[in-house]
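As numbered in the numbering used here, the first sequence has no gaps in its residue numbers, which increase by one up to the final residue, 2054.
Heads up, the thing below is written out as structure tokens.
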Amino acid sequence: MSELESEYRLEYFEENDFVRKECSECGAHFWTRDHDRTTCGEPPCEEYSFIDNPGFDDEYTMEEMRETFLSFFEEHGHARIDPYPVAANRWRDDVLLTQASIYDFQPLVTSGRTPPPANPLCISQPCIRMQDIDNVGKTGRHTMAFEMMAHHAFNAREEVGDRYAYSGEVYWKDRTVELCDELFASLGADVTEITYIEDPWVGGGNAGPAIEVIYRGAELATLVFMSLEQDPEGEYELKDGNRYSPMDTYIVDTGYGLERWTWMSQGTPTVYEAVYPDMIDFLKENAGIEHTDDEETLIHRAAKLAGHMDIDEADDMDAARDNIARKLDVNKHELESLMRPLEDIYAIADHCRALAYMFGDGIVPSNVGTGYLARMVLRRTKRLVDNVGIDAPLDELVDMQAKRLGYENRDTVRDIVRTEERKYRKTLERGGRRVRQIADEYAGSGEPIPTETLIELYDSHGIQPDMVREIAEERGATVQVPDDFYSLVAARHDSEQAFEDADRADDRLADLPETEKLYYEDQDRSEFEAVVLDVFEREEGYDVVLDQTMFYPEGGGQPADRGTISTGDVTAEVEDVQIRDGVVLHRTDRDPGKGEFVRGQIDANRRRRLMRHHTATHVVGHATRQVIGDHIRQAGAQKGLESSRFDVTHYERITREEVKEIERVANEIVMDNVPVKQEWPDRHEAEERHGFDLYQGGIPPGEKIRLIHVAEDVQACGGTHVRRTGDIGAIKILNTEPVQDGVERIVFAAGEAAIEATQRTEDALYDAAEVLDVSPQEVPDTAERFFAEWKERGKQIDRLKRELAEARAAAGADEVDIDGTPVVIQRLDADSDELRATANALVDEGKVAVLGSARGGSAQFVVSVPDGVNVNAGEVVGRLAAKVGGGGGGPADFAQGGGPDVDALDEALDDADDVLRTVLNA
RNA sequence: GGGCUCGUAGAUCAGAGGUAGAUCACUCCCUUGGCAUGGGAGAGGCCCCGGGUUCAAAUCCCGGCGAGUCCA
1133 MSELESEYRL
1143 EYFEENDFVR
1153 KECSECGAHF
1163 WTRDHDRTTC
1173 GEPPCEEYSF
1183 IDNPGFDDEY
1193 TMEEMRETFL
1203 SFFEEHGHAR
1213 IDPYPVAANR
1223 WRDDVLLTQA
1233 SIYDFQPLVT
1243 SGRTPPPANP
1253 LCISQPCIRM
1263 QDIDNVGKTG
1273 RHTMAFEMMA
1283 HHAFNAREEV
1293 GDRYAYSGEV
1303 YWKDRTVELC
1313 DELFASLGAD
1323 VTEITYIEDP
1333 WVGGGNAGPA
1343 IEVIYRGAEL
1353 ATLVFMSLEQ
1363 DPEGEYELKD
1373 GNRYSPMDTY
1383 IVDTGYGLER
1393 WTWMSQGTPT
1403 VYEAVYPDMI
1413 DFLKENAGIE
1423 HTDDEETLIH
1433 RAAKLAGHMD
1443 IDEADDMDAA
1453 RDNIARKLDV
1463 NKHELESLMR
1473 PLEDIYAIAD
1483 HCRALAYMFG
1493 DGIVPSNVGT
1503 GYLARMVLRR
1513 TKRLVDNVGI
1523 DAPLDELVDM
1533 QAKRLGYENR
1543 DTVRDIVRTE
1553 ERKYRKTLER
1563 GGRRVRQIAD
1573 EYAGSGEPIP
1583 TETLIELYDS
1593 HGIQPDMVRE
1603 IAEERGATVQ
1613 VPDDFYSLVA
1623 ARHDSEQAFE
1633 DADRADDRLA
1643 DLPETEKLYY
1653 EDQDRSEFEA
1663 VVLDVFEREE
1673 GYDVVLDQTM
1683 FYPEGGGQPA
1693 DRGTISTGDV
1703 TAEVEDVQIR
1713 DGVVLHRTDR
1723 DPGKGEFVRG
1733 QIDANRRRRL
1743 MRHHTATHVV
1753 GHATRQVIGD
1763 HIRQAGAQKG
1773 LESSRFDVTH
1783 YERITREEVK
1793 EIERVANEIV
1803 MDNVPVKQEW
1813 PDRHEAEERH
1823 GFDLYQGGIP
1833 PGEKIRLIHV
1843 AEDVQACGGT
1853 HVRRTGDIGA
1863 IKILNTEPVQ
1873 DGVERIVFAA
1883 GEAAIEATQR
1893 TEDALYDAAE
1903 VLDVSPQEVP
1913 DTAERFFAEW
1923 KERGKQIDRL
1933 KRELAEARAA
1943 AGADEVDIDG
1953 TPVVIQRLDA
1963 DSDELRATAN
1973 ALVDEGKVAV
1983 LGSARGGSAQ
1993 FVVSVPDGVN
2003 VNAGEVVGRL
2013 AAKVGGGGGG
2023 PADFAQGGGP
2033 DVDALDEALD
2043 DADDVLRTVL
2053 NA
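Below you can see the structure in the form of structure tokens.
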């Protein structure tokens, strides 16, 4: 019995004559108004009963259902909130995709550090869950993309006062269940059929009681009461084996699946037909799928049983399908050939919606992060489309969903899909060639292609084993894919992950007040006075804490200030500045003394350069978005003194033309000399006005955030900036390079650094011009001509060497006769090409060539033997080379070798005839 | 972020320490009235870049650049 059992004894249940029951099938505890009920109502304990028998008074489209839900909660005192992007990594670094509405408020709101945008609130949040990907299309109810409708209330215990960004209780369990119940009733549901299953929730270090809400076999909502946090000494032990204790904040976290509610209202065989009717029709027609009335009936009946098709719960797909076929009394293969294409079409519609969300919200395909997930989904979708025989281009299919979802950047989305599809096609072509080659190798041998090769093909070249099998079979080779294929692949990646220590809160700083940040008040000042609050000794040097400071601590990609802190008699160099929990630590070489009055002086020149680069970063970012597109987002940035780098998301290489245009637009903003403004608005107002693109460099905590306006560009930013764009002076883009797939780095310089960088580039050009003895403008043409001439000369030299060699051979150098074979033994002191050519020419005349050279600081030999002469050239070279302290070898008719002992070369050549005789007689 | 694979002729690839190759494409010649085609000849290479090992590196080692792919 759960220790949380008492948590579920709600007044609301008692007042409304609910009873607590235990499911006769699965043993779960649940609450119901129906006193005769025996099962919990959730598959597999019960089947869907709403198919062809809708559970609400009216049919709703997805749009209508969303509106109905949100306005219901608005009428019940909730504020409606706009949805967040599906790319959750835009505001948190612990997850990639938004998988639930509560993700929008983690970690800053749930921890109480930042107030929610409204309290209570309701929202319909687009989510993507990759975990269910294998179920999509097959179970009739799983989708990868979905909207989680939700109402949330953020509560804090009375006794903690206003320590958190919200206080007191808005509402808790009874009101939550009551609202849920009322929503059902307002739609005309038969509330006696609803079951509320007790199902404690645990996840991500938090936990709490939770209730699954089941109606006619479908799980329509989950009501989570997040109220516990992990604590080794906590009073509750939950199903994950950890102990938990109550938190100061407690949060109503609900989830109502928009698609399921829509489905429930329509009672179609699958959720997909309820939510994407137009797209399903289009895909069916395009794929040429038509059903007879009998088949249609069979599909309906199978759909009701499809709840069993869940690869998590059923042992495997095959068994589940078998099971359904038996219940319907039809042939399994018949059922399969009927259902498969439909399942693919359902999955395509769902995947296209997921892709529309991802690309619409600015995810760029990549080999890492969310971009990789998007790439996987796209490729999977492409395979499904090809499989089922749909000839519409993928970008059009994704666009159908993007249009429905109301995205405005549809052209970019289509461009991304096309680019990505092209890349995939190339990978498939490359892979196909590779597999055919391997298949041909094994086709003759009768052996199957080894598992090791399959793993290699998948891991290194992205070729699915199924594809290998297909191609191999065409070529007459066999393939056996082991069941544990993917775990074998995983085994190749079992290296341990290195963890970086998170900055731990420093106890020493707990009692110190936050340092007053003068650098935000006047960004041009470089001197200030302060009091030393404390000094901590470090291994090397000291950490000095002041009451206020002009020193900018490292952050937001901007390096820390340098300078000095001085009292009357001590001057300490500030070598680094860091910030911990709002306290600025000045790392110095000397101790100014606790309690002293000090004068601080920052290195103004250094700071000016950094400020120029920081403001320039905003300008370059803005210019890049204007030139390339709205999907451009900051993926990292580092400011410097000589240059800065700015990483942006983009799905192609940035061209030279684009660089020039970005540079032009950026410098236009500089020349416009507009003021750079900072403001500290309420965060939610700022988000309302400017959207999530504010947070290019991460999300700051707190009720108010600092915004920097540069021309039309607005960003949340903690850095220091120049007063007007004209103060930047000039911006010069130095280079662009790929950081990873989907991320391009723009390296640029601002102000005097831009001039310096340009001068360096010019110096290089002038130096080259001087060497070529032409004007800088003529350098490219001249270089091209020289390179062509250089290549031509190389060929000319080769020709001449060949002629020289022939001439030498014809001249008949000292020729000796060894056992009837003419042999030329000669020292040439030429390079190895020439030796080779000469030897070849001699061989053409039927002579054995033994040539030596001392070119290049070492002794070298070439020995060449004509056809029909029984001398092993390799052996001759080996013996000669041994005399000069080296080695050599080669095929029997041609060999090379040498050694370091140049002085012994002549002696070795003198002995060559003996060597030849020995080898000949052997 | 980490692992793995690959950079050789315009394209696709072979060569795996010892004289840089094949196929297609290209140029020219022959066959034809012209084309498809057939026969022959030729041109085309900083073997990605930089170090190292070696008598000798396209080949082995290290570093870089570039492309691809899998995993988190």
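Note that beta-carbon positions come from the ideal geometry of N, C-alpha and C, so glycine has one too.
DSSP three-state assignment for Trp-1393, whether helix, strand or coil | helix
Cβ contact (3+ pairs, closer than 8 Å) linking the region 1354-1365 and the region 1380-1392 | yes
For the region 1194-1205 and the region 1331-1350, state whether three or more C-beta atom pairs, one from each stretch, are separated by less than 8 Å.
-> no
Leaving out the 5 sequence neighbours to the left and right, which residues in its chain are closer than 7 Å to Asp-1721 when beta-carbon positions are compared?
-> Gly-1673, Ala-1704, Glu-1705, Glu-1707
Unbroken beta strand (DSSP E) runs of length 3 or more, entirely within the region 1357-1405: which are they?
-> 1375-1389
Quick one: which unbroken beta strand (DSSP E) runs of 3-plus residues sit fully inside the region 1749-1820? Chain order, please.
-> 1766-1770, 1776-1781, 1808-1811
C-alpha distance - Gly-1989 paired with Arg-1777, whole-angstrom precision = 47 Å
Bounding residues of the beta strand (DSSP E) (the contiguous stretch that carries Cys-1259) | 1253-1260
Taking all protein chains shown into account, decide if Thr-1756 is buried (16 or more other Cβ within 10 angstroms of its Cβ) or exposed.
-> buried
Which class does Asp-1949 belong to by DSSP, given the choice of helix, strand or coil?
-> strand
Answer yes or no: do Arg-1512 and His-1483 have a C-beta to C-beta separation smaller than 8 Å?
-> yes
Sufficient close CB pairs (3 or more, under 8 Å) joining the region 1979-1998 to the region 2027-2044 = yes
Closest to Thr-1699 by CA distance: which of Asp-1214, Glu-1661, Arg-1562, Glu-1367 is it?
-> Glu-1661
Which residues DSSP lists as bridging Lys-1836, in chain order = Asp-1814
Could you pull the start and end residues of the alpha helix (DSSP H) that Tyr-1652 belongs to?
-> 1650-1653
Rounded to whole angstroms, what's the CA-CA distance from Glu-1894 to Asp-1965? Just pull it up for me.
-> 40 Å
Three-state secondary structure assigned by DSSP to Glu-1632 | In this predicted model, Glu-1632 has a pLDDT of only 36, less than 50, meaning its place in the structure is not dependable; the value taken from the coordinates is given anyway. It is coil, neither helix nor strand.
Give the DSSP-derived three-state secondary structure of Glu-1178 in the structure shown.
-> coil
Which residue spans inside the region 1426-1504 form an unbroken alpha helix (DSSP H) run of at least 4?
-> 1449-1460, 1464-1492
Sort out for me which residues DSSP pairs Glu-1884 with in a bridge.
-> None; Glu-1884 has no bridge partner.
Lys-1864, enclosing beta strand (DSSP E) - first and last residue | 1863-1872
Start-end ranges of the alpha helix (DSSP H) lying completely within the region 1191-1233, minimum 4 residues = 1194-1207
Of all the options Ile-1255, Leu-1430, Lys-1979, which has the alpha carbon lying nearest to the alpha carbon of Glu-1938?
-> Lys-1979
Specify the secondary structure class of Met-1281 as computed by DSSP and reduced to three states.
-> strand
What does a CB cutoff of less than 6 Å around Leu-1974 pick up in its chain, not counting 5 residues either side in sequence?
-> Ala-1941, Val-1956, Ala-1981
Tell me whether Pro-1409 sits in a helix, a strand or coil according to DSSP, three-state version.
-> helix
Considering only the beta carbon of each residue, do Arg-2085 and Ala-1885 sit closer than 8 Å?
-> Since the first residue shown for the chain is 1133 and the last is 2054, residue 2085 is missing from the structure and cannot be characterised.
Do Ile-1860 and the ligand SAH come close, with the Cβ less than 7 Å from some heavy atom?
-> Absent from the structure shown: the ligand SAH. Ligands present: none.
Specify, as a first and last residue, the run of the beta strand (DSSP E) that Glu-1929 falls within.
-> The sequence shown places Ile at residue 1929, rather than the Glu named in the question. Unbroken run through Ile-1929 is the alpha helix (DSSP H), 1911-1943; no beta strand (DSSP E).
Could you tell me whether the region 1856-1867 touches the region 1484-1494, where touching means 3 or more Cβ pairs closer than 8 Å?
-> no
Buried or exposed: Cys-1259, going by 16 or more other Cβ atoms within 10 Å of its Cβ?
-> buried
According to DSSP, residues forming a beta bridge with Tyr-1347 = Ala-1350
Contact belief for Gly-1725 with Glu-1646 at Cβ below 8 Å, rounded distance in angstroms | Contact flag wrong, Cβ pair sits at about 22 Å.
Can you give, in chain order, each stretch of the alpha helix (DSSP H) that sits fully within the region 1498-1556 and has at least 4 residues?
-> 1501-1520, 1526-1536
Can the beta-carbon of Val-1997 be found less than 8 Å from the beta-carbon of Val-2003?
-> yes
In the DSSP assignment, find the beta strand (DSSP E) that holds Glu-1705 and state where it starts and stops.
-> 1703-1712
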